[in-house]
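Working notes, beginning with the structure itself.
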Amino acid sequence: MDKMLNDSKPFYKNIDWGFLVFLCCATYVKLYVKIAAIILYWLLLIYKRYDFKKPASVTWFYFLIAAAGTVSSLVQHSFKATEYKTGFALGVSTWILGGIISYLSYVVIRNIDSKRIADTIKAFFTVNILISLVALVQLIIRSKHLVPYWYWEASEYFGASTGDHITGVFSSNSVTNAMVCSLGVLYFLHNKNFRFAFACLFTCLLCTSNFTLLSLVGMLVLLHLLVGDKLIKRNIRVSLLIVFVMYPVLSPLNVKYINTTYSMGSNKSLTESLRQLDSNKIKEQIAASTIAPNKMEHSIAEYVRKRDVNAYYRLPLSDTVFVDYSDDVKYVQFFGEASAGAGANVVLKQEFLKELIEKWYGRKYEQTPLSTYYRPIKLYSFLQTLTYLKSSVANFIFGAGIGNFSSKLAIKTTGLNMQGSYPVKDIYISPAFVQYHLYTLLYVHALPVSEHSTINMPNSVYNQIVGEYGLVGIILFAFFYLGFFVKKWKKLSYSRYLLLIILAFFGFEYWFEMLSLTVVFELLLFKDVYKPELNAGE
1 MDKMLNDSKP FYKNIDWGFL VFLCCATYVK LYVKIAAIIL YWLLLIYKRY
51 DFKKPASVTW FYFLIAAAGT VSSLVQHSFK ATEYKTGFAL GVSTWILGGI
101 ISYLSYVVIR NIDSKRIADT IKAFFTVNIL ISLVALVQLI IRSKHLVPYW
151 YWEASEYFGA STGDHITGVF SSNSVTNAMV CSLGVLYFLH NKNFRFAFAC
201 LFTCLLCTSN FTLLSLVGML VLLHLLVGDK LIKRNIRVSL LIVFVMYPVL
251 SPLNVKYINT TYSMGSNKSL TESLRQLDSN KIKEQIAAST IAPNKMEHSI
301 AEYVRKRDVN AYYRLPLSDT VFVDYSDDVK YVQFFGEASA GAGANVVLKQ
351 EFLKELIEKW YGRKYEQTPL STYYRPIKLY SFLQTLTYLK SSVANFIFGA
401 GIGNFSSKLA IKTTGLNMQG SYPVKDIYIS PAFVQYHLYT LLYVHALPVS
451 EHSTINMPNS VYNQIVGEYG LVGIILFAFF YLGFFVKKWK KLSYSRYLLL
501 IILAFFGFEY WFEMLSLTVV FELLLFKDVY KPELNAGE
């Protein structure tokens with residue numbers, strides 16, 4: 001009887017408030033908030049005498065990858081640079097924090113009843129949706145337009161970029177909000193909580209993340225094909241109708257961007273791009289270059305004779321760069337010359353970035369490889385990673401080490417403020433990062449704001465794991481993280497679809513460092529595995 005009465009309560013009367021606050025703080029962008037949440041909530045669980053069970057392999061992954069990264073950094077002699085130690089400590093700490101958050105979610109799932117977990121999840125998504133709506137109202141007031149998505153002005157703060165400011169409870173970027181909401185759509189649809197599913201879908205649309213919506217549409221179609229429940233199928237069709245009707249009306253510029261990107265990708269091939277680097281153009285680049293002619297000539301000659309694509313993905317540096325490029329950033333930060341200023345829609349001045357590319361790589365911005373690349377730049381970054389991996393045995397097995405190739409940490413330690421502030425005295429830039437993904441990042445940020453899409457950024461879990469941890473990292477990710485799903489596959493219901501979409505999402509941000517999307521994903525996963533009895537129509 002007590003259970004029946006409990007099940008009939010409105011969800012807001014059955015919330016685990018401590019866990020809700022923990023979730024909101026653990027997914028918030030600021031690291032100190034996450035740390036405070038972990039300490040206080042751990043103490044609360046001890047006070048409540050929760051049973052701290054043996055961690056799942058998903059949790060072990062975080063601690064093992066931190067250990068593997070330490071070995072990689074030792075192999076690559078990263079500790080010879082005294083500035084590296086601060087970034088390294090931050091990187092290891094982030095992995096450990098991720099493991100602790102994962103473990104605390106696991107402990108909660110194993111200790112409280114499924115209905116209360118489900119209601120707390122509803123409350124978390126409700127908080128996120130409300131914060132997103134408040135942000136929308138603020139944008140309406142600031143733009144003085146009822147639909148700021150239709151309003152264009154010179155800074156491009158509104159219009160197609162309006163959704164970028166709908167960051168939700170996470171306060172990091174709109175892509176995080178959109179992808180978490182897409183998980184909510186699949187979770188609530190499968191569990192027949194249709195009002196919550198539609199609310200999450202509406203919030204996802206507000207974020208105007210093209211790739212997220214395309215992934216969600218694909219997953220909804222797959223869910224419609226594989227799920228037998230007629231009620232779920234009907235609401236999936238309603239969801240698809242909402243997307244196809246509302247999104248083109250809400251943000252026609254984003255729809256146009258999707259069409260343009262597809263056209264460019266289908267009409268131009270990498271081979272065509274490479275052909276444009278003919279010997280005449282290369283000679284012009286040499287003439288305009290500040291790179292030592294003998295080095296440049298040798299590199300280009302090799303490229304022309306053998307069509308060595310490595311020269312296309314790994315940029316040679318100017319002679320003096322190995323000595324002073326970190327000092328360049330320190331100098332710029334000290335005088336504040338690079339900042340775009342308050343109210344701008346970009347962090348750094350685009351002209352400054354172009355000048356930096358010319359100074360560091362010895363070629364004008366318009367003459368660098370990406371100027372002849374006609375596909376989404378994300379693909380270029382993947383090929384850069386593979387090129388680096390094949391460059392030596394040590395790189396293949398161990399990768400570049402923590403924060404040395406492609407990660408939020410690698411970007412942060414440059415001191416360019418593209419991933420938050422960083423102490424100027426501890427600025428550290430790995431040569432591998434400079435020659436591969438830092439170039440890509442600088443190139444994209446020097447493009448118009450409308451091109452600053454996730455489809456063009458090198459940010460990716462796969463670039464991070466493969467580039468910084470090598471074969472060892474790939475094995476750990478496959479066996480400890482993905483292996484958990486394989487082992488529990490028969491127990492999974494909605495998590496099968498969450499896994500498929502999260503694998504796509506992993507290609508578009510450093511999610512293990514963000515500690516947001518993965519927190520929600522793992523929570524829903526643990527619930528599906530250990531508390532499945534109420535997953536249908538909770």
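So in my numbering, spot 536 of the sequence shown is number 536, and the numbers just go up one at a time. Here a beta-carbon is modelled for each residue, glycine too, at the ideal position from N, C-alpha and C. Predicted model only: the values in this text are computed from it and were never measured.
Check	Outcome
Return the CA-CA distance between residue 190 and residue 139, expressed in angstroms with no decimal places.	33 Å
Below 6 Å CB to CB, which residues in the same chain sit around residue 505 once its five sequence neighbours on both sides are set aside?	179
What's the C-alpha gap between residue 541 and residue 357?	A query on residue 541 cannot be resolved here, the shown segment of the chain reaching from 1 to 538 and no further.
Excluding sequence positions up to five away, which residues of its chain have a Cβ less than 8 Å from the Cβ of residue 544?	Because the chain is modelled from 1 through 538, residue 544 falls outside the range shown and cannot be assessed.
Classify residue 418 as helix, strand or coil using the three-state DSSP reduction.	strand
Alpha carbon to alpha carbon, what distance is there between residue 370 and residue 108?	47 Å
Please determine, among 455, 25 and 183, the residue with the shortest C-alpha to C-alpha distance to residue 375.	455
Opposite residue 409 in the DSSP bridges: which residues?	DSSP, once it has assigned bridges, lists no residue as partnering residue 409.
One question on the structure: do residue 249 and residue 209 come within less than 7 Å of each other, judged by their Cβ atoms?	no
Below 8 Å, how does it come out for the segment 397-414 and the segment 73-84: are there three or more Cβ pairs, yes or no?	yes
For a quick check, are the C-beta atoms of residue 469 and residue 436 less than 7 Å apart?	no
If you run the structure through DSSP and keep just helix, strand and coil, what is residue 146?	coil
Can you tell me where the alpha helix (DSSP H) with residue 373 in it begins and where it stops?	From DSSP, residue 373 is part of no alpha helix (DSSP H); its letter is neither H nor E.
What is the DSSP secondary structure of residue 235, counted as helix, strand or coil?	helix
Assuming residue 501 and residue 219 are in contact, meaning their beta carbons sit under 8 Å apart, how far apart are those beta carbons, in whole angstroms?	5 Å
Alpha carbon to alpha carbon, what distance is there between residue 111 and residue 173?	33 Å
Determine the extent of the alpha helix (DSSP H) in which residue 528 is found, giving its start and end residues.	517-530
Looking at C-beta atoms only, is the number of pairs between the segment 55-66 and the segment 476-488 that lie closer than 8 Å three or more?	yes
What is the rounded straight-line gap between the Cα of residue 196 and the Cα of residue 354?	45 Å
Does the Cβ-Cβ distance between residue 184 and residue 125 come in under 7 Å?	yes
For residue 442, tell me which candidate among 243, 531 and 377 has the shortest Cα-Cα distance.	377
Among 430, 182, 165 and 115, whose alpha-carbon lies nearest the alpha-carbon of residue 131?	165
Could you tell me the alpha carbon to alpha carbon distance between residue 17 and residue 120, rounded to whole angstroms?	8 Å
Quick one: grab the DSSP three-state call for residue 570.	Nothing in the structure corresponds to residue 570, since the chain is present only between 1 and 538.
Excluding the 5 residues preceding and the 5 following residue 20 in the sequence, name in chain order all residues of the same chain whose CB lies nearer than 7 Å to its CB.	120, 123 and 124
Which complete beta strand (DSSP E) runs does the segment 91-152 hold, if anything under 3 residues is left out?	none
With residue 163 as the anchor, note down where its alpha helix (DSSP H) starts and where it stops.	Per DSSP, residue 163 belongs to no alpha helix (DSSP H) and is neither H nor E.
Note down, in chain order, each residue of its chain lying with its Cβ closer than 8 Å to the Cβ of residue 460, except the 5 sequence neighbours on either side.	378, 381, 382, 406, 506, 507, 508, 509 and 510
Which residues mark the beginning and the end of the alpha helix (DSSP H) in which residue 185 is found?	174-190
Have a look at 97, 49 and 24 and flag the residue whose alpha-carbon is nearest the alpha-carbon of residue 35.	97
Between the Cα of residue 66 and the Cα atoms of 52, 472 and 129, which residue gives the shortest distance?	472
Output the distance between the C-alpha atoms of residue 136 and residue 244, rounded to the nearest integer angstrom.	21 Å
Taking 7 Å as the threshold (C-beta atoms), are residue 409 and residue 91 in contact?	yes
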